[in-house]
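Whatever position you read off the first sequence (first residue = 1), add 6 for the numbering used here.
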Amino acid sequence: MTLYVTNTLTGEKEPFEPQDPENVLLYYCGLTVSDPPHLGHARSWVHVDVMHRWLEYRGYDVRHVENFTDINEKIVARVGEDDLGEGEAEVAETYIERTLADMRSLNLLRAEVYPRVSEHIPEIIDLVETLVEKGYAYESNGSVYFDVSSFEEYGKLSNQELDEIESQGDPDERSEKRNPADFALWKADGVEPDDIEEHRHEGAAPAEHACETALTWDSPWGEGRPGWHIECSAMSTTHLDDTLDIHVGGRDLVFPHHENEVAQSEAATGQQFANYWLHCELFQMADEKMSSSLGNFVTVDEAVDQWGTNVMRTFLTAGSYNSQQLYSDETIAEAEERWEQLERAHETAVEALDSPAARTKVEDGDLRTAVDEAREAFTTAMNDDFNTREAQSALLSVASAINAHREDRDEYDYRGLRRAVDTLEELGTILGLSFTGDTTGSAALAGDVVDLVLDVREQERADGNYERADDLRDELESLGVEVQDTDEGPTYRLPSGE
RNA sequence: GCCAAGGUGGCAGAGUCCGGCCGAACGCAGCGGCCUGCAGAGCCGCCCACCGCCGGUUCAAAUCCGGCCCUUGGCUCCA
């Protein structure tokens with residue numbers, strides 16, 4: 007079955023064909039590490055992760071590269087704040103560590119490499135030199151700008167005409183540029199206090215001091231720093247190839263960032279930069295998008311602490327990657343409900359498999375058919391531009407089939423249930439969902455203690471002391487332990503977290 | 001102003017590329033029943049949609065074409 011993806015470059019859904027039939031070169035525009043990652047980032051990460059997993063599931067060897075932009079005025083602006091660090095490099099490092107920890111907490115597959123701008127200055131300088139030599143860029147006052155008029159296809163990604171594009175970069179640069187739409191590849195000197203003023207928070211070090219920590223490098227044009235767009239071109243080429251199969255990023259980066267990457271890379275190599283441009287849509291808050299600059303974000307660590315990894319992943323894949331998604335307590339709660347349905351059904355099936363009522367000679371055609379159809383539906387959904395919402399529906403239909411089977415049978419279809427459990431686990435993994443609860447350490451101890459309390463409660467119930475039994479249940483409930491009485495005795499769920 | 005995406009039930013959100021299986025999925029909320037000491041979970045059934053508006057094409061349109069209205073995002077740092 008063919009995989010279809012929506013390509014921003016053409017604006018159409020097209021069959022996906024990597025250059026090499028066995029490998030996929032995937033580059034994701036990572037973040038500028040000047041703030042703690044928020045749920046908007048997590049949404050993109052999770053969708054890229056699901057793409058990665060699905061491509062692997064389809065048999066491709068995925069070479070996934072994701073950069074960290076660790077050179078930026080906004081990072082300099084944070085110097086000295088809290089315990090972020092005493093210089094641009096330290097602040098960046100602090101946030102990179104936090105970011106990697108957040109990524110782990112979301113159960114993301116690791117990328118092959120997480121290149122940093124500061125470690126690719128020679129490659130960047132080479133690239134800028136190439137552009138100057140080929141006549142696509144010019145030096146001005148120690149800075150180097152890309153001459154957009156020299157690149158005929160400029161605007162093809164964001165579908166804009168050059169004369170409609172307004173000035174890029176800060177006002178000071180404009181006098182140095184030939185065309186207001188030209189953008190900086192290399193910026194002369196370091197960072198000036200004025201450059202960071204708007205990004206500074208309370209408690210940050212004095213601007214002059216912070217700027218002194220800004221990193222600069224020698225270049226053929228004198229001391230300076232790389233411009234914003236050039237790093238992705240340099241790093242993707244270094245770690246992958248001149249032509250990427252898939253370049254992913256947030257919708258908000260289409261212009262100018264991605265447009266500029268296309269211009270730089272294609273001007274330098276003469277090759278198409280990326281065959282497929284995929285863009286993740288943004289979260290929609292009640293009345294505006296979630297963004298670092300608006301300060302209306304929920305950080306990833308807060309969210310994962312509160313809801314747990316599986317709920318977050320269910321939430322983040324509750325819409326297609328390329329559709330805007332509404333963020334609210336209600337929409338998260340709904341995702342939690344979906345996840346819990348899956349989790350409960352999984353548990354139900356596992357318990358049924360372990361019970362003596364499970365027979366290899368029993369066969370429930372409805373169950374087996376439902377599982378097979380769900381598998382089919384999941385595959386179809388994922389191949390249709392990574393339709394994770396539909397994929398979730400398919401998983402939920404397995405859950406319903408399990409419950410229905412358990413409901414109206416006295417003897418269970420062992421093989422059918424086995425297949426249902428395997429399907430939930432296997433397909434769940436593609437969405438990054440994990441059914442394997444923590445059965446070690448304190449979680450196991452907690453489970454034993456709950457078992458003990460439930461034993462006592464069962465005795466009370468047997469004795470007809472329902473009030474006492476309900477109290478025990480309420481107490482457990484208040485600790486987050488969800489108790490359910492079933493025909494085969496009580497079951498419970500510990501608070502979801504990790 | 002220019003570019004892009006979108007307007008589907010009370011909410012949320014698929015389906016629109018490739019018109020008919022859409023009398024519109026999945027989930028939440030709501031209603032009835034079963035089960036239960038009770039509750040929850042679960043099961044069965046139901047309710048809620050003239051698919052933004054107007055017009056066109058067609059045997060047939062949520063899906064194609066044209067016009068209009070509205071929303072969101074980008075055009076400045078942004079996943």
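Ideal Cβ placement from N, Cα and C applies to all residues, glycine included.
For residue i, the three-state DSSP class (helix, strand or coil)
{"i": "Y282", "result": "strand"}
{"i": "Q331", "result": "strand"}
{"i": "G255", "result": "strand"}
{"i": "F157", "result": "coil"}
{"i": "Q277", "result": "coil"}
{"i": "E488", "result": "strand"}
{"i": "E504", "result": "Unreliable placement is indicated for E504, whose pLDDT of 39 sits below 50; the coordinate value is still reported in the next sentence. DSSP places E504 in coil when its eight states are reduced to three."}
{"i": "V68", "result": "strand"}
{"i": "H44", "result": "strand"}
{"i": "P121", "result": "coil"}
{"i": "A449", "result": "helix"}
{"i": "T14", "result": "coil"}
{"i": "Y151", "result": "strand"}
{"i": "N266", "result": "helix"}
Residue nearest to residue i in terms of C-alpha spacing, selected from the options
{"i": "D416", "options": "M291, L32, A213, R365", "result": "R365"}
{"i": "T375", "options": "N393, N389, S403", "result": "S403"}
{"i": "I252", "options": "T492, L15, L500", "result": "L15"}
{"i": "W192", "options": "V456, P128, A410", "result": "P128"}
{"i": "S201", "options": "T100, R84, R110, L133", "result": "The question names Ser, but residue 201 in the sequence shown is Asp. Closest by alpha carbon: R84."}
{"i": "L61", "options": "L37, P43, E28", "result": "E28"}
{"i": "S406", "options": "G314, S164, A380, R499", "result": "A380"}
{"i": "S164", "options": "G65, E208, V268", "result": "V268"}
{"i": "E159", "options": "D311, Y101, Q278, K19", "result": "Q278"}
{"i": "C35", "options": "E20, N113, R122", "result": "R122"}
Cβ neighbour criterion (16 or more within 10 Å) applied to residue i
{"i": "G495", "result": "exposed"}
{"i": "M7", "result": "exposed"}
{"i": "G325", "result": "buried"}
{"i": "E504", "result": "Note that E504 scores 39 on pLDDT, short of 50, meaning its location in the model is unreliable; the coordinates nonetheless yield the value given after this. The residue is exposed, with fewer than 16 neighbouring Cβ atoms inside 10 Å."}
{"i": "A107", "result": "exposed"}
{"i": "T442", "result": "exposed"}
{"i": "R184", "result": "exposed"}
{"i": "R479", "result": "buried"}
{"i": "G276", "result": "exposed"}
{"i": "G17", "result": "exposed"}
{"i": "D76", "result": "buried"}
{"i": "L332", "result": "exposed"}
{"i": "V455", "result": "exposed"}
{"i": "E79", "result": "buried"}
{"i": "H207", "result": "exposed"}
{"i": "E343", "result": "exposed"}
{"i": "L322", "result": "buried"}
8 Å Cβ shell around residue i - same chain, five flanking residues per side excluded
{"i": "A194", "result": "N147, G148, S149, W227, G228, E229, G230"}
{"i": "C286", "result": "R49, S50, H53, V54, V254, G255, G256, R257, Y327, N328"}
{"i": "N316", "result": "W345, E349, L439, S440, S502"}
{"i": "A274", "result": "L133, T136, L137, K140, Y142, S239"}
{"i": "A355", "result": "I408, R412, L423, A426, V427, L430"}
{"i": "A95", "result": "D76, S124, T219, L221"}
{"i": "L37", "result": "P43, H47, F74, T75, T105"}
Neighbourhood of residue i by C-beta distance below 6 Å, restricted to the same chain and skipping five residues each side
{"i": "D26", "result": "none"}
{"i": "L115", "result": "D55, H58"}
{"i": "L430", "result": "H352, V404"}
{"i": "S399", "result": "none"}
{"i": "P24", "result": "V30, D251"}
Integer-rounded CB distance, given that residue j should sit under 8 Å from residue i
{"i": "I130", "j": "E237", "result": "6 Å"}
{"i": "A358", "j": "L423", "result": "6 Å"}
{"i": "L45", "j": "R69", "result": "27 Å between Cβ atoms; not a contact."}
{"i": "A213", "j": "E203", "result": "7 Å"}
{"i": "E99", "j": "G91", "result": "7 Å"}
{"i": "L288", "j": "Q330", "result": "6 Å"}
{"i": "L401", "j": "G434", "result": "6 Å"}
{"i": "D247", "j": "V11", "result": "That belief does not hold up - the Cβ atoms of D247 and V11 are roughly 19 Å apart, past 8 Å."}
{"i": "V306", "j": "P43", "result": "5 Å"}
{"i": "R319", "j": "L500", "result": "About 19 Å separates the two Cβ atoms, so there is no contact after all."}
Other residues of its chain near residue i: CB distance less than 7 Å, five sequence neighbours each side excluded
{"i": "D370", "result": "H411, R415, D419, G422"}
{"i": "V119", "result": "V71, H245"}
{"i": "F189", "result": "Y151, F152, Q174, G175, G233, H235, P262, N266"}
{"i": "S156", "result": "G141, Y142"}
{"i": "V97", "result": "I81, R84, V85, L90, G91"}
{"i": "Y63", "result": "I436"}
{"i": "P199", "result": "A213, E214, C217"}
{"i": "V260", "result": "T14, L163, S164, H285"}
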